[in-house]
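Novice: Protein sequences, first through last, are from chains A and B.
Going by this note's numbering, the first sequence opens with residue 33, and the numbers climb by one from there.
Going by this note's numbering, the second sequence opens with residue 5, and the numbers climb by one from there.
The beta carbon of each residue, even a glycine, is placed where N, CA and C say it ideally should be.
A quick note: this is a predicted structure, and the numbers were derived from the prediction, not measured.
The following block contains the structure, expressed as structure tokens.
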Amino acid sequence: NAGVTQTPKFRVLKTGQSMTLLCAQDMNHEYMYWYRQDPGMGLRLIHYSVGEGTTAKGEVPDGYNVSRLKKQNFLLGLESAAPSQTSVYFCASSYSGEQYFGPGTRLTVT
Amino acid sequence: EDQVTQSPEALRLQEGESSSLNCSYTVSGLRGLFWYRQDPGKGPEFLFTLYSAGEEKEKERLKATLTKKESFLHITAPKPEDSATYLCAVQAIGANSKLTFGKGITLSVRP
Numbered sequence: 033n034a035g036v037t038q039t040p041k042f043r044v045l046k047t048g049q050s051m052t053l054l055c056a057q058d059m060n061h062e063y064m065y066w067y068r069q070d071p072g073m074g075l076r077l078i079h080y081s082v083g084e085g086t087t088a089k090g091e092v093p094d095g096y097n098v099s100r101l102k103k104q105n106f107l108l109g110l111e112s113a114a115p116s117q118t119s120v121y122f123c124a125s126s127y128s129g130e131q132y133f134g135p136g137t138r139l140t141v142t
Numbered sequence: 005e006d007q008v009t010q011s012p013e014a015l016r017l018q019e020g021e022s023s024s025l026n027c028s029y030t031v032s033g034l035r036g037l038f039w040y041r042q043d044p045g046k047g048p049e050f051l052f053t054l055y056s057a058g059e060e061k062e063k064e065r066l067k068a069t070l071t072k073k074e075s076f077l078h079i080t081a082p083k084p085e086d087s088a089t090y091l092c093a094v095q096a097i098g099a100n101s102k103l104t105f106g107k108g109i110t111l112s113v114r115p
């Protein structure tokens, strides 16, 4: 089992560009999450999904959109990137309790 | 609003010097408390889940304990490879499996 995988690992964007981060899990988990991690701020929930076809806002959703068209995939989109979105992004999945995390995507917006 | 506070922010130990990391929490109704380990440049790795006050879990040199207001991660005779950031998170009853994380404790163990 690969667990949770994320694509890409690194990305540099210019202000105003768009991109999509892909998360995939092979554990048949219902729940999936997107977090961002910034120094001194800890992990903050952006959006989450409780099942295929569902999405919900987390703590810091502004500037991001998500889609869960297939149970195993959870996509995070940035429509118009801003320097404030420079961060490390983690995807996670769970059955009901503990969450399992991917390796992260380091995004820099210049 | 659920809150998790971890202390200290950073801890430096000599190899073999035992210590404890603290996680204080406030939550409307606790479903579970989780400990994770995160190495630099990697995603958090799940360590333990604790569900009720008085519960303890152990793994190698780590032991996690839980009270109604806080959890401790005890590290016995640490080794340099235990150096990492340790994250604590709580899950409230009815939270759709969402976790609220603390900011983490960075542990450095010197040989």
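Determine, using beta carbons only, whether residue 35 of chain A comes closer than 7 Å to chain B.
Specialist: Counting from one through the first sequence, the residue named residue 35 of chain A turns up at place 3. Residue 35 of chain A does not count as touching chain B.
Novice: How many Å lie between residue 140 of chain A and residue 55 of chain B at the Cα?
Specialist: Within the first sequence, residue 140 of chain A is the residue found at index 108, counting from 1. Within the second sequence, residue 55 of chain B is the residue found at index 51, counting from 1. Cα to Cα, residue 140 of chain A sits roughly 38 Å from residue 55 of chain B.
Novice: When the distance is taken between beta carbons, is residue 108 of chain A closer than 7 Å to residue 53 of chain A?
Specialist: In the first sequence, counting from the first residue as 1, residue 53 of chain A sits at position 21. In the first sequence, counting from the first residue as 1, residue 108 of chain A sits at position 76. Yes, the pair counts as a contact, with Cβ atoms nearer than the cut-off.
Novice: Looking at C-alpha atoms only, which residue of B/78, B/86, B/21 and B/102 is the closest neighbour of residue 42 of chain B?
Specialist: On the second sequence, residue 42 of chain B is found 38 positions in, with the first residue counted as 1. Considering only alpha carbons, the answer is B/86.
Novice: Would DSSP call residue 87 of chain B helix, strand or coil?
Specialist: For the purposes of this step, residue 87 of chain B is identified with residue 83 of the second sequence, where counting begins at 1. Coil at residue 87 of chain B, not helix or strand.
Novice: Rank B/31, B/36, B/29 and B/108 by C-alpha distance to the C-alpha of residue 71 of chain A and give the top, closest one.
Specialist: What you label residue 71 of chain A is simply residue 39 of the first sequence in a count that begins at 1. Considering only alpha carbons, the answer is B/108.
Novice: Check whether the Cβ of residue 26 of chain B lies closer than 7 Å to any Cβ atom in chain A.
Specialist: Here residue 26 of chain B refers to the residue found at position 22 when the second sequence is read from its first residue. Using a CB distance cut-off of 7 Å, residue 26 of chain B does not count as an interface residue toward chain A.
Novice: Closer than 9 Å, Cβ to any Cβ of chain A: which residues of the stretch 76-105 of chain B, in chain order?
Specialist: 91, 93, 95, 100, 101, 102, 103, 104 and 105
Novice: Just to confirm my understanding: we take residue 42 of chain A, look at its own chain, exclude 5 residues before and 5 after, and list those with CB closer than 6 Å. What are they?
Specialist: In the first sequence, counting from the first residue as 1, residue 42 of chain A sits at position 10. 138.
Novice: Rounded C-beta distance between residue 128 of chain A and residue 59 of chain A? I'm assuming under 8 Å.
Specialist: Here the question's residue 128 of chain A lines up with position 96 in the first sequence. Here the question's residue 59 of chain A lines up with position 27 in the first sequence. Actually they do not touch by this definition, with Cβ atoms about 12 Å apart.
Novice: Would residue 18 of chain B and residue 114 of chain B qualify as a contact pair, given that the criterion is a beta-carbon distance under 7 Å?
Specialist: Here residue 18 of chain B refers to the residue found at position 14 when the second sequence is read from its first residue. Here residue 114 of chain B refers to the residue found at position 110 when the second sequence is read from its first residue. A contact, by the Cβ cut-off of 7 Å.
Novice: Please look up how many angstroms separate the CB atoms of residue 35 of chain B and residue 93 of chain B, rounded, as I've assumed it's under 8 Å.
Specialist: As a position in the second sequence, residue 35 of chain B is number 31, starting the count at 1. As a position in the second sequence, residue 93 of chain B is number 89, starting the count at 1. Incorrect: roughly 11 Å between the Cβ atoms, too far for contact.
Novice: Under three-state DSSP, which class holds residue 104 of chain A?
Specialist: Locating residue 104 of chain A in the first sequence gives position 72, counting from the first residue. Three-state DSSP puts residue 104 of chain A in coil, outside helix and strand.
Novice: Run down chain A in chain order and give the residues with a C-beta less than 8 Å from the C-beta of residue 69 of chain B.
Specialist: Against the second sequence, residue 69 of chain B aligns to sequence position 65. Against residue 69 of chain B, chain A offers no close residue; the least beta-carbon distance is about 18 Å (beta-carbon pairs closer than 8 Å).
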